[in-house]
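Trainee:
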Amino acid sequence: MENKELICVNCPMGCRITVTLDEGRVIDIKGYTCEKGKNYAAQETVRPMRVLTSTVRINGALARVLPVITSQEIPLDMMEEAMEAVRMLTVDAPVRVNQVLIPHFLGTDADLVASRSMKKI
(Lines of atoms letter the chains of each structure in order from A and count residues from 1; the text may use other names and numbers.)
(Lines give C-alpha, C1' and ligand atoms only; values in the text may rest on other atoms or scores of the structure.)
Protein backbone atom coordinates (compact mmCIF):
# COMPACT_ATOMS: atom_id res chain seq x y z
CA MET A 1 0.00 0.00 0.00
CA GLU A 2 1.06 3.55 -0.73
CA ASN A 3 -0.16 6.91 0.55
CA LYS A 4 -0.10 10.05 -1.58
CA GLU A 5 -0.75 13.48 -0.14
CA LEU A 6 -1.96 16.43 -2.15
CA ILE A 7 -3.63 19.78 -1.76
CA CYS A 8 -6.96 20.16 -3.54
CA VAL A 9 -7.13 23.05 -6.02
CA ASN A 10 -10.87 22.92 -6.76
CA CYS A 11 -11.80 25.70 -4.33
CA PRO A 12 -10.11 28.20 -1.98
CA MET A 13 -10.29 25.81 1.01
CA GLY A 14 -7.19 23.92 -0.18
CA CYS A 15 -7.97 20.69 1.65
CA ARG A 16 -5.01 18.43 2.46
CA ILE A 17 -6.07 15.08 1.09
CA THR A 18 -4.47 11.68 1.63
CA VAL A 19 -5.13 8.96 -0.93
CA THR A 20 -4.28 5.34 -0.17
CA LEU A 21 -3.42 3.24 -3.23
CA ASP A 22 -2.97 -0.50 -3.61
CA GLU A 23 -1.30 -1.52 -6.87
CA GLY A 24 -2.45 1.70 -8.55
CA ARG A 25 -6.07 1.44 -7.35
CA VAL A 26 -7.63 3.92 -4.94
CA ILE A 27 -8.50 2.19 -1.67
CA ASP A 28 -9.27 5.17 0.59
CA ILE A 29 -9.44 8.97 0.46
CA LYS A 30 -9.30 11.17 3.59
CA GLY A 31 -9.25 14.90 4.26
CA TYR A 32 -11.64 16.20 1.60
CA THR A 33 -14.65 18.34 2.49
CA CYS A 34 -16.66 17.99 -0.73
CA GLU A 35 -17.27 15.50 -3.54
CA LYS A 36 -15.28 17.65 -5.98
CA GLY A 37 -12.24 17.27 -3.74
CA LYS A 38 -12.73 13.54 -3.44
CA ASN A 39 -13.06 13.13 -7.23
CA TYR A 40 -10.08 15.42 -7.88
CA ALA A 41 -7.85 13.45 -5.50
CA ALA A 42 -8.84 10.10 -7.00
CA GLN A 43 -8.20 11.29 -10.56
CA GLU A 44 -5.00 13.18 -9.73
CA THR A 45 -3.35 10.17 -8.13
CA VAL A 46 -4.35 7.65 -10.81
CA ARG A 47 -4.09 9.68 -14.05
CA PRO A 48 -3.81 13.47 -13.78
CA MET A 49 -5.84 15.49 -16.30
CA ARG A 50 -5.35 19.06 -17.57
CA VAL A 51 -6.94 21.50 -20.02
CA LEU A 52 -4.50 22.42 -22.80
CA THR A 53 -4.23 26.09 -23.77
CA SER A 54 -1.88 27.20 -26.50
CA THR A 55 -1.72 28.96 -29.87
CA VAL A 56 -1.61 27.74 -33.47
CA ARG A 57 -0.49 29.51 -36.63
CA ILE A 58 -3.20 31.20 -38.67
CA ASN A 59 -3.05 32.30 -42.30
CA GLY A 60 -4.92 35.32 -43.64
CA ALA A 61 -5.62 37.06 -40.32
CA LEU A 62 -4.27 40.23 -38.79
CA ALA A 63 -2.57 38.22 -36.03
CA ARG A 64 -0.08 35.45 -36.74
CA VAL A 65 -1.36 33.08 -34.06
CA LEU A 66 -4.78 31.96 -32.85
CA PRO A 67 -5.40 31.00 -29.20
CA VAL A 68 -6.78 27.48 -28.77
CA ILE A 69 -8.01 25.34 -25.90
CA THR A 70 -9.25 21.80 -25.39
CA SER A 71 -12.98 21.57 -24.73
CA GLN A 72 -12.26 19.46 -21.65
CA GLU A 73 -9.34 17.96 -19.78
CA ILE A 74 -6.95 15.52 -21.44
CA PRO A 75 -4.48 13.19 -19.70
CA LEU A 76 -1.39 15.02 -18.46
CA ASP A 77 0.83 12.24 -19.82
CA MET A 78 -0.39 13.17 -23.34
CA MET A 79 0.69 16.84 -23.12
CA GLU A 80 3.96 16.39 -25.01
CA GLU A 81 2.16 14.63 -27.87
CA ALA A 82 -0.61 17.24 -27.75
CA MET A 83 1.83 20.14 -27.98
CA GLU A 84 3.56 18.49 -30.95
CA ALA A 85 0.19 18.24 -32.73
CA VAL A 86 -0.54 21.90 -31.92
CA ARG A 87 2.87 22.99 -33.26
CA MET A 88 2.13 21.23 -36.56
CA LEU A 89 -1.31 22.84 -37.01
CA THR A 90 -1.96 25.87 -39.22
CA VAL A 91 -5.50 27.15 -39.81
CA ASP A 92 -6.93 29.61 -42.32
CA ALA A 93 -8.97 32.68 -41.42
CA PRO A 94 -11.79 33.32 -40.83
CA VAL A 95 -12.22 31.42 -37.58
CA ARG A 96 -14.96 31.91 -34.99
CA VAL A 97 -14.71 31.41 -31.25
CA ASN A 98 -15.49 27.82 -30.15
CA GLN A 99 -15.00 26.54 -33.72
CA VAL A 100 -13.77 22.95 -33.54
CA LEU A 101 -10.36 22.73 -35.18
CA ILE A 102 -9.64 19.08 -34.36
CA PRO A 103 -12.50 16.87 -33.14
CA HIS A 104 -11.61 14.07 -30.68
CA PHE A 105 -8.14 15.55 -30.24
CA LEU A 106 -5.58 12.71 -30.09
CA GLY A 107 -8.38 10.16 -29.72
CA THR A 108 -9.76 11.74 -26.54
CA ASP A 109 -13.28 13.02 -25.90
CA ALA A 110 -11.91 16.59 -26.04
CA ASP A 111 -12.00 18.79 -29.12
CA LEU A 112 -9.33 21.38 -29.89
CA VAL A 113 -11.27 24.63 -30.34
CA ALA A 114 -10.51 28.25 -31.17
CA SER A 115 -10.77 30.44 -28.07
CA ARG A 116 -11.08 33.63 -30.12
CA SER A 117 -12.64 34.73 -33.41
CA MET A 118 -10.39 36.08 -36.17
CA LYS A 119 -11.52 37.74 -39.37
CA LYS A 120 -9.91 37.25 -42.75
CA ILE A 121 -7.95 40.26 -43.97
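Position 38 (the sequence shown) corresponds to 38 in this note's numbering; numbering is contiguous.
From the three backbone atoms N, C-alpha and C, an ideal C-beta is built for every residue, glycine too.
If you're wondering where the values come from, they're calculated on a predicted model, not measured in any experiment.
Whole angstroms are fine: how far does the CA of VAL65 sit from the CA of CYS121?
Mentor: Reading the sequence shown from its first residue, position 121 is the one you call residue 121. Reading the sequence shown from its first residue, position 65 is the one you call residue 65. Sequence check: residue 121 is Ile here, not Cys. Cα to Cα, the separation comes out at about 14 Å.
Trainee: Taking ALA63 as the reference, give the member of MET78, LEU21, MET1 and THR90 with the closest Cα.
Mentor: Here residue 63 refers to the residue found at position 63 of the sequence shown. Nearest option by C-alpha distance: THR90.
Trainee: What does SER54 pair with, by DSSP beta-bridge criteria?
Mentor: On the sequence shown, position 54 is the one that residue 54 refers to. BP columns for SER54 point to VAL68.
Trainee: Identify the continuous alpha helix (DSSP H) that holds ARG87 and give its terminal residues.
Mentor: As a first step, residue 87 must be located in the sequence shown, where it is residue number 87. It spans 79-88 - the alpha helix (DSSP H) in which ARG87 sits, taken as one unbroken run.
Trainee: Just the Cα atoms here: how many angstroms apart are LEU101 and PRO75?
Mentor: Against the sequence shown, residue 101 aligns to sequence position 101. Against the sequence shown, residue 75 aligns to sequence position 75. LEU101 and PRO75: Cα-Cα distance of roughly 19 Å.
Trainee: Quick check on the DSSP output: what are the complete beta strand (DSSP E) runs of length 3 or more inside the stretch 7-47, in order along the chain?
Mentor: The stretch 7-47 contains these whole beta strand (DSSP E) runs: 16-22 and 25-30.
Trainee: Excluding the 5 residues flanking ILE29 on each side, which residues of the same chain have their C-beta closer than 8 Å to its C-beta?
Mentor: Reading the sequence shown from its first residue, position 29 is the one you call residue 29. Around ILE29: ILE17, THR18, VAL19, THR20, LYS38, ALA41 and ALA42.
Trainee: In angstroms, rounded to a whole number, what distance separates the CA positions of GLY31 and CYS11?
Mentor: For the purposes of this step, residue 31 is taken as the residue at position 31 of the sequence shown. For the purposes of this step, residue 11 is taken as the residue at position 11 of the sequence shown. When rounded, the distance between both Cα atoms is 14 Å.
Trainee: Give me, in chain order, the residues of the same chain whose beta-carbon lies closer than 7 Å to that of GLN99; leave out the 5 immediate sequence neighbours on both sides.
Mentor: Taking the first residue of the sequence shown as position 1, residue 99 is located at position 99. Answer for GLN99: VAL113 and ALA114, listed in chain order.
Trainee: Just the Cα atoms here: how many angstroms apart are PRO48 and ASP92?
Mentor: The sequence position of residue 48 within the sequence shown is 48, counting from 1. The sequence position of residue 92 within the sequence shown is 92, counting from 1. Each residue's Cα considered, the two are about 33 Å apart.
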